[in-house]
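As structure tokens, the structure follows; a few thoughts come after it.
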Amino acid sequence: MQIPKILLSLLVLSLLFTVPQVFARGGKVKDPNGVAPDRYIYYPGSEELGKDEIRLIALGTGMPAARRSQAATCWLVELGNGDKFLFDLGTGANANMAALMIPFDFLTKVFLSHLHTDHWGDLPGLWAGGWTAGRTVSLEIYGPSGAREDMGTKYAVEHFLKAYNWDNMTRLANLPSQPGKINVHEFDYKGENQVIYDENGVTIKTWPAIHAGDGSVSMALYWKGMKVVIGGDTKPNTWYIKYAKDADIAIHEAFLTPEQLVTMYGQSPQSALGVGTIVHTPPQAFGKIMSTIKPKHAIAYHFLNESDTRDQMFEYIRETYDGPLTLAEDNLVWNITKDNIKVRKIVSDDEAWSVPGPNKPQRPDHTVPDQLSKEMHAGQWDISEVTADMIKEFKKKYKMK
Ligand SMILES: [Zn+2]
Ligand SMILES: [Zn+2]
């Protein structure tokens with residue numbers, strides 16, 4: 015069959031008009047030493063947020079068995095008013111967080127969707143890591159209650175501190191005490207569209223999620239007429255359909271398929287079917303949810319996102335949803351305004367150091383005594399002759415007695 019000439023020229027014309035846009039994505043470079051006006055990359059700390067702009071960063075998007083390319087669930091939401099919120103704090107996420115080089119004093123509000131380790135397993139790192147690296151204030155943890163007292167966030171954090179008692183006591187003996195404190199704000203997991211946070215023009219609401227047990231929630235952040243929904247872990251449920259509507263960004267899990275759980279994650283077919291379809295949301299169901307609530311942009315997470323899986327996940331989701339979509343991976347950033355949502359990759363330093371914030375580092379206040387006994391001190395080998403000069407110089411520099 016011959017293609018009519020008019021169609022052919024229309025095709026050539028359309029190519030002429032689309033190709034330059036593709037090349038323009040990185041900005042046109044006009045001379046060999048020129049600087050591109052635009053790059054589709056985000057370099058942390060290099061851009062000021064607009065006063066009506068939200069920056070959402072994926073610090074973890076994968077599974078409980080974290081891997082180098084994908085930590086477990088963690089989202090950072092930064093607002094143009096300076097507020098920052100962590101939603102979940104899954105295993106491995108701290109390394110991605112560190113690469114953003116945000117002072118720990120700005121990373122103190124943590125909202126937990128539920129208490130699986132892939133959603134709060136990096137609390138030890140943020141707690142002790144931030145404490146040793148210049149944080150001056152306590153952590154504030156918001157999390158759901160459970161069906162019983164021992165299944166709630168308050169119990170979990172209290173016993174977390176008990177489990178890490180050795181860590182806590184030995185740091186309290188040598189560091190300022192305030193940054194080691196954790197304040198827990200437990201809320202009712204059954205609350206429907208309940209406000210759990212309302213400060214500085216930011217409202218955060220929760221509703222129940224249906225997951226492996228009672229005490230899992232989804233959350234939505236509202237600010238300046240925009241709405242970011244963080245689904246947590248859940249199977250499809252009516253609350254999400256009702257309360258995630260009109261979201262600018264709707265994050266929801268799209269779990270590994272039962273087949274992938276067997277072949278890539280080492281589960282038995284019996285476990286895989288239950289985990290993949292009863293405790294979590296399969297990709298086709300994710301698509302159905304999104305085509306029902308119609309967010310401006312949908313984000314699918316909680317699967318191993320790589321060349322082996324991506325096409326299949328995408329195909330399954332596209333069976334039921336054809337709207338704007340990101341298959342989440344770690345170190346992606348979404349810039350959100352009322353009119354636009356832009357997705358880019360983050361390029362950051364693997365060897366990033368923690369950076370100081372505006373507050374002065376605090377002195378140790380010795381709220382607990384020295385945790386070394388006389389017997390241990392007695393075994394000390396005196397090396398003062400090799401360190402004396404260094405200590406003297408240090409004291410002189412910082413005017414210490
Ligand atoms: Zn879970
Ligand atoms: Zn999970």
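So that you can map any letter, position 59 of the sequence shown is 73 in the numbering used here, and since no number is skipped, the others follow by simple counting. Glycine included, every Cβ here is placed at the ideal spot set by N, Cα and C.
- Counting along the chain, the unbroken beta strand (DSSP E) around Ala72 starts and ends at Ile68 to Gly74.
- Here Asn47 carries a coil assignment [DSSP, helix/strand/coil].
- Taking a C-beta distance under 8 angstroms as the contact criterion, Asp384 and Pro190 do not qualify as a contact pair.
- The beta carbons of Arg53 and Gly74 sit no closer together than 8 angstroms.
- Counting only the Cα atoms, Asp181 lies some 41 angstroms from Pro283.
- Note that the segment 120 to 131 touches the segment 152 to 169; at least 3 beta-carbon pairs, one per stretch, sit closer than 8 angstroms.
- Separation of Val357 and Ile405 (C-alpha to C-alpha, rounded to the nearest whole angstrom) is 50 angstroms.
- Residues of the same chain with a CB within less than 8 angstroms of the CB of Thr150, apart from the 5 flanking positions on each side, are Asp119, Pro190, Gln192, Pro193, Gly371, Asn373, Lys374, Pro375 and Gln376 in chain order.
- For the beta strand (DSSP E) assignment, the uninterrupted runs of no fewer than 3 residues enclosed by the segment 175 to 258 are, from N- to C-terminal side, 196 to 201, 208 to 213, 216 to 222, 231 to 237 and 240 to 244.
- Boundaries of the alpha helix (DSSP H) harbouring Ala109: Ala107 to Ala112, taken from the DSSP string.
- Between Ser152 and Ile196, the C-beta spacing is below 8 angstroms.
- DSSP places Gln281 in the coil class of the three-state scheme, outside both helix and strand.
- Its chain contains Pro272 as the residues whose beta carbon lies nearer than 7 angstroms to that of Leu287, once the 5 sequence neighbours on both sides are disregarded; these appear in chain order.
- Sequence-distant Cβ neighbours of Met278 in its own chain, meaning closer than 8 angstroms and more than five residues away, are Leu270, Leu318, Asp322 and Thr323.
- When DSSP states are grouped into helix, strand and coil, Val293 belongs to the helix group.
- Pairwise C-beta distances place the segment 209 to 224 in contact with the segment 243 to 252, as three or more of them are shorter than 8 angstroms.
- Within 10 angstroms of the beta-carbon of Asp262 lie 16 or more other beta-carbons, which makes it buried.
- For Val198, the closest C-alpha among the options Gly229, Gly166, Gly106 and Ala177 is that of Gly166.
- Looking at the DSSP output, Pro58 sits in no beta bridge, so it has no partner there.
- A heavy atom of ligand 2 is found nearer than 7 angstroms to the CB of Asp132.
- A distance below 8 angstroms separates the beta carbons of Tyr56 and Ile360.
- Cβ neighbours of Lys302 within its own chain (closer than 6 angstroms, five residues either side excluded): Thr334.
- Annotated three-state conformation of Ala366 is coil, per DSSP.
- Note: Arg358 is bridge-paired with Val347 in the DSSP secondary-structure output.
- With respect to the 8 angstroms criterion, Ser232 and Gly215 are not classified as neighbours on the basis of their beta carbons.
- Asp247 sits close to His294, with the two beta carbons spaced by under 8 angstroms.
- Within its own chain, the residues whose Cβ lies closer than 6 angstroms to the Cβ of Ala72, once the five positions on either side in sequence are excluded, are Ala342, Asp344 and Leu346, listed in chain order.
- For Val91, the enclosing beta strand (DSSP E) starts and ends at Cys88 to Leu93.
- For Gln394, the number of other beta carbons within 10 angstroms of its own is below 16, and it is reported as exposed.
- Asp363 and Thr381 have their alpha carbons spaced roughly 36 angstroms apart.
- Residue nearest to Leu339 within the set Ile265, Lys352 and Gly94 is Ile265 (criterion: CA-CA distance).
- Distance from the CA of Asp102 to the CA of Cys88, rounded to the nearest whole angstrom, comes to 5 angstroms.
- Per DSSP, the continuous beta strand (DSSP E) segment holding His311 begins and ends at His311 to Tyr315.
- Between the alpha carbons of Asp66 and Gly239 lies a distance of about 10 angstroms.
- A direct Cα-Cα distance of roughly 31 angstroms separates Ala177 from Tyr315.
- If you compare the alpha carbons of Lys44, Gly205, Pro117 and Ala402 with that of Ala147, the shortest gap goes to Pro117.
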